[in-house]
Amino acid sequence: MKNFKIIICFLLYFGAVGAQDNVQVVLLAGQSNMAGAGNYGLLDAITKNRIAKASKTVLLSFNGADAKPLSYYDNKPTEKYNFKKRFGPELLLGVTLAEKYPNKKFVLIKRSKGGTSLYGAWSPNWSLEKSKAVEKGEEKQQAKLYSMHIQDIQRIVTSITQKGNTYNIMGLCWMQGENDAAKEVAARSYKTNLKELYNAYKKDLNVEKLPFVIGQINSTYGRFKEGPEMVRQAMADFCKENNSAILLKTTTNRKWKDYPKHTDNVHYNAEGQKRLGIAFGKKLIELNK
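Note that our numbering has the sequence shown beginning at 8, numbered continuously upward.
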């Protein structure tokens with residue numbers, strides 16, 4: 008039934024049967040800064056109009072939901088984030104791609120969960136023992152986010168092909184690592200785990216080349232003081248060794264002038280998420296030249 012609903016959405020979105028497209032598929036994955044804490048209400052009218060225009064050619068599937076026209080998602084207001092319309096880097100990433108390639112159609116497939124680790128919930132070689140070593144709470148300890156993302160992707164690309172279209176996996180955008188930086192075992196193995204993740208996506212999606220944009224972390228919470236710099240360096244080293252990967256560099260200056268943050272000094276605010284999405288889009292375009 009769920010696959011049928013997705014197929015109907017693609018039929019309505021991409022036109023009648025017979026009109027074939029090579030749909031560009033973009034993967035997004037990570038923890039809370041990929042989920043996003045941007046307040047959509049703070050975006051200016053011009054940016055909102057650009058998003059609305061991009062939504063005509065860009066679909067978004069978030070955490071297993073049906074693919075829908077690019078937009079914000081609903082947020083339950085809290086004292087920390089007292090707004091109802093929330094977004095992550097996908098909005099301006101989608102805009103950047105749509106404006107660069109106005110004749111192409113895109114599907115963004117995003118899976119994210121705050122406070123999760125590559126060592127644990129995101130590991131392609133998931134084990135309960137490893138997950139319990141780094142994840143807080145039973146829900147996160149039981150989560151198999153990599154496998155869930157692969158299932159999301161396979162379901163949606165199947166819908167694309169059943170519609171009669173072809174697809175191209177344009178790349179993977181990764182915004183994650185803060186929780187690994189907080190635990191020594193995860194921080195010290197981050198580069199190895201990043202390689203395993205990247206190779207698993209290529210194998211499970213049957214792609215020879217996968218453009219990979221890595222958002223560099225800069226948060227400093229946790230008891231392992233060396234962790235943040237260790238993870239930052241692991242990300243940089245991975246990109247130096249892989250021609251298909253590129254680092255989206257961030258500052259450690261707590262004024263956050265590159266990508267502004269909320270007062271918690273961890274999560275990007277509306278302007279930060281806007282800039283982050285644009286940067287991810289530009290890096291992805293660069294890797295697809």
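Heads up, the beta-carbon is just placed ideally off N, CA and C, and yes, glycines get one too.
Spatial neighbours of threonine 173 in its own chain (CB-CB distance under 8 angstroms, excluding positions within 5 residues in sequence) are listed in chain order as Gln27, Asp28, Asn29, Val30 and Ile167.
The beta carbon of asparagine 132 is closer than 7 angstroms to those of Glu203 in its chain, skipping five residues each way along the sequence. The closest CA to that of isoleucine 58, considering only Ala72, Ser130, Tyr79 and Gly45, is found on Tyr79. Listed as beta-bridge partners of lysine 117 by DSSP are Leu35 and Phe69. The alpha carbon of threonine 103 has as its nearest neighbour, out of Glu248, Thr64, Asn40 and Glu191, the alpha carbon of Thr64. Residue environment analysis places proline 109 among the exposed positions, since fewer than 16 neighbouring C-beta atoms fall within 10 angstroms of its C-beta. DSSP places leucine 254 in the uninterrupted beta strand (DSSP E) bounded by 252-255. Non-local C-beta neighbours of leucine 49 in its own chain, meaning closer than 6 angstroms and more than five positions away in sequence, comprise Ala277, ordered along the chain. Taking all protein chains in view, the Cβ of glutamate 142 is crowded by 16 or more other Cβ atoms within 10 Å, so the residue is classified as buried. For phenylalanine 94, there is no enclosing alpha helix (DSSP H); the enclosing beta strand (DSSP E) has its first and last residue at 92-94. As computed with DSSP, asparagine 46 is found in a beta bridge with Arg93. With contacts defined as CB atoms closer than 8 angstroms, isoleucine 224 and valine 238 qualify as a contacting pair.
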